[in-house]
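First up is the structure itself, then whatever we jot down about it.
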Amino acid sequence: QVPLAFLMMVAAFKSMDPSLEESAMMSGAGTWQTLRRITLRLLMPTAASVLLILFVRTLESFEAPALIGIPARIYVYTSEIYLAFSEYPPDYGRGSALAVGLLILSALGVWLYTRSTREGKRFQTVTGKAFRPRQFDLGPWRWVGFAFLLTYFLGVVLLPFLVMLWASFLPFFSAPSWKSLQLLSLENYRYLSSFRPFWDAMWNSVILALSTATAGMVLTSLIAWVVYKSRLPGSWILDFLAFVPITVPGIVLGMALIMLYVAFPLPIYGTLWVLLIAYVTRYIPYGMRSASGAILQIHSELEEAAGASGASWWQTFWRVTLPLLRPGFVAGWIYICIVSFREFSTSVLLATGDSRVLSILLFNMFEQGQVTVVAAIGIVMIFTLLAIVAIFHKVSGRVGIQA
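The numbering of the sequence shown is our numbering, which starts it at 335 and goes up by one.
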C-alpha cells in the first residue's frame, strides 16, 4: 500500500504554499515544531483520506489471500466471500451478507472522513499568489532517511524483482547456483513472442489501463469540483457514492456485473466494455481521493476572478481549476493506470477468451505449473508499465501537465 499512499500525498505536498512554514520559522519555531503545527495540519484532509483508503483497501484485498492464504487454510474476509461464491452450488446469501458487512464498515469510515474534512476552506493554501515549494535540509538525519529508503528498496522492490528476473531465464525454477547458470536461456521469452494469447491479452490490458485512467480521472475531477466547489445542495452524496465502490471486493463486483448484464440483454458481456465499466467503477474512489486532496487547497478567489472576467463555468473549470489540479490528476492517472493494467480480482469472473487480460493469463498459467513462463510475463508487465508511465510523463510535460 506504500505506493498508493505516496502518490496521494505527493500532490498535497507539491501544492502547499511554503509561506506559512516560513512565517512560523521567522517567528522562532523550529523545524519539528513547524512540521507538527503547520505542515501536518495543512495535510490533514489528504492524510485522512489516505488513511481511510488504506484501511478499506486492506479489508477488501483479495489477490494475496487467494494465492497465499487459502492454500494454507488462512482465511480473511474477502477469501470467505470468494469461497461462498465459488463453492458448488454457490452460496449467494452468505456471500452477499459478508459483502454488506464490509460495506457497513467502509460507510462508517466515509462518515468519519466527511466529518474531518467538512471545514475544507481551513486547509486552502493555493491562492492567486505565485509560490515555489520549499525544501528542508535534514542535516545529519538525511543519512538515517537514506538508510531507511535503501533498506525498503532492497527488501521490497529490488530483491523480488531479481528473483523473478532469474526465474524467467530458467526452464524450471531453482535457487541460484553454478549449475543453474548453465540452464539460463531466452526460451521463455521466445515462447511468449510466438504465443498469440499473450499478445491478445497484452493489447487488452494496455487499452483498458489507458482508457480507465483517463476516463476515471476526468470523471473524478468533475465530481471533486461539484462536491467541494459548487453550491449544489446534497453534493456530499456524490462524494459518498464515489467512495462506495471501494467497499465492494473485486470478486463481488464482477459477480454483480454478470448478474446485471444477464438480466438486461445488453451485448457487452464478454467484451472489453464490461471490463472498462468494472475498472472505472472500481477505481473511482482512488481518483476521487487524489483529486479532492488537491482541490481542497485551491482557493475560490481564482475561480471567482475568472467568472468576473466573463468566463463560463466550463471555461473556468478547464482553464483555471483543471490546470491547478495537475499534480493530483497526474498522480491519480499513474496509479489507476498501473492497478488497471494488473487488475485480477474483478477480471477473474468477467474476462473471457476474447477479452482475457494479462493477469488472468498469468493466473491460468500459474495453475498449470508454468512458473518460469509466469515470471517472464511478470517481467514484461513491469517494463510495459514503466514505458507507459515514462511516455505519459514526457507527453504531459510538453503540454504542461506535470506532477
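Think of the CB as a built atom: it goes at the ideal place given N, C-alpha and C, for glycine as much as any other residue. Because the structure is a prediction, the values reported are computed rather than measured.
In the structure shown, residue 404 falls within a coil segment according to DSSP collapsed to helix, strand and coil. Restricting attention to 362, 363 and 382, the CA atom closest to the CA of residue 339 is found in 382. Rounded to the nearest whole angstrom, the CA to CA distance from residue 546 to residue 613 is 6 Å. The alpha-carbon of residue 578 is positioned some 21 Å away from that of residue 564. Secondary structure at residue 632: strand, using DSSP grouped into helix, strand and coil. Closest by C-alpha distance to residue 681, out of 607, 431 and 711, is 607.
Three or more Cβ pairs closer than 8 Å define a contact, and the region 497 to 508 meets that threshold against the region 706 to 713.
Scanning its chain for C-beta atoms nearer than 8 Å, with the 5 sequence neighbours on each side dropped, one finds around residue 585 the residues 396, 412, 415, 416, 419, 679, 680, 682 and 683, in chain order. Per the Cβ contact rule, the region 644 to 661 is not in contact with the region 700 to 707 (fewer than 3 Cβ pairs under 8 Å). In the assembly as shown, residue 336 is an exposed residue. Its beta-carbon has fewer than 16 other beta-carbons within 10 Å.
Shown here, residue 412 sits in a helix according to DSSP, grouped into three states.
The Cβ atoms of residue 629 and residue 659 lie closer than 9 Å to each other.
Ranked by how close their Cα comes to the Cα of residue 513, the residues 504, 520 and 694 have 504 in first place.
Look at residue 680 here: in three-state DSSP terms it is coil, with no helix or strand label. With 16 or more other CB atoms across the displayed protein chains lying within 10 angstroms of its CB, residue 661 is buried. When C-beta atoms of the region 620 to 627 are compared with those of the region 549 to 569, three or more pairs fall below 8 Å, so the two segments count as touching. For the set 587, 651 and 550, the Cα lying nearest the Cα of residue 672 is the one of 550. DSSP places residue 582 outside any alpha helix (DSSP H), giving it a letter other than H or E.
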